[in-house]
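What follows is a short report on a single structure.
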Amino acid sequence: MTDFRSIADRVEIEALRAEFTDAVMMRDRARLASLFTEDGVLRMPNIPVEQIGREEIRAGGERLQAQHEFFVQTTHPGTVRLDGDTATGRAYIQEIGRTRDGRQGLNFAVYHDRYRRTADGWRFAERVYEVRYEDSSPLAGSAPPSTGTPV
1 MTDFRSIADR VEIEALRAEF TDAVMMRDRA RLASLFTEDG VLRMPNIPVE QIGREEIRAG
61 GERLQAQHEF FVQTTHPGTV RLDGDTATGR AYIQEIGRTR DGRQGLNFAV YHDRYRRTAD
121 GWRFAERVYE VRYEDSSPLA GSAPPSTGTP V
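In terms of the UniProt record's numbering, the sequence shown opens at residue 1 and continues consecutively.
Dropping the structure here:
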């Protein structure tokens, strides 16, 4: 991989995936939605959820996040395959959380992604969430009280 454009594209796509996780963790639904193309799609078949377009993605994120007492998502690098102004890839996810109705657990999942280069940089054209392992055992820990001030 000696083509500098290819290297830059891969770095930008990895930054996009990191930005997604940060937006989820910081509950910044507007920023989360902005990471998708105008006609972008977020699919989570296990829930089941399909959100099409930035407004549905923003509103859907709001609904999902409102259900959680706490939620932590970490993203691990996966693959990226470039094809001009589009690309495909995968990112590996670990999540732990508890909903306000008491459901809780830990899971490992894969995001299957399609990316598109836009005037604003790389964006998700589609993100499909596939759970690979789920553990609904009671969680021993809890979220500390919120101070209201980000660190």
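We put the beta carbon where it would ideally sit given N, CA and C, even for glycine.
Original post:
By DSSP, does T74 sit in helix, in strand, or in coil?
Top reply: strand
Original post:
At what residues does the alpha helix (DSSP H) containing Q65 begin and finish?
Top reply: R54 to A66
Subject >> D22, DSSP secondary structure in three states >> reply: helix
Subject >> Q94 versus L82, H76, I47 and A87, residue with shortest Cα-Cα distance >> reply: H76
**OP:** Measure the beta-carbon distance from R54 to F36 and round it to whole angstroms, keeping in mind my assumption that it falls under 8 Å.
**Re:** 6 Å
Original post:
What residues in its chain sit with their C-beta under 6 Å from that of S136, if we drop five residues either side in the sequence?
Top reply: G105
Original post:
Between which two residues does the beta strand (DSSP E) harbouring A87 extend?
Top reply: T86 to T99
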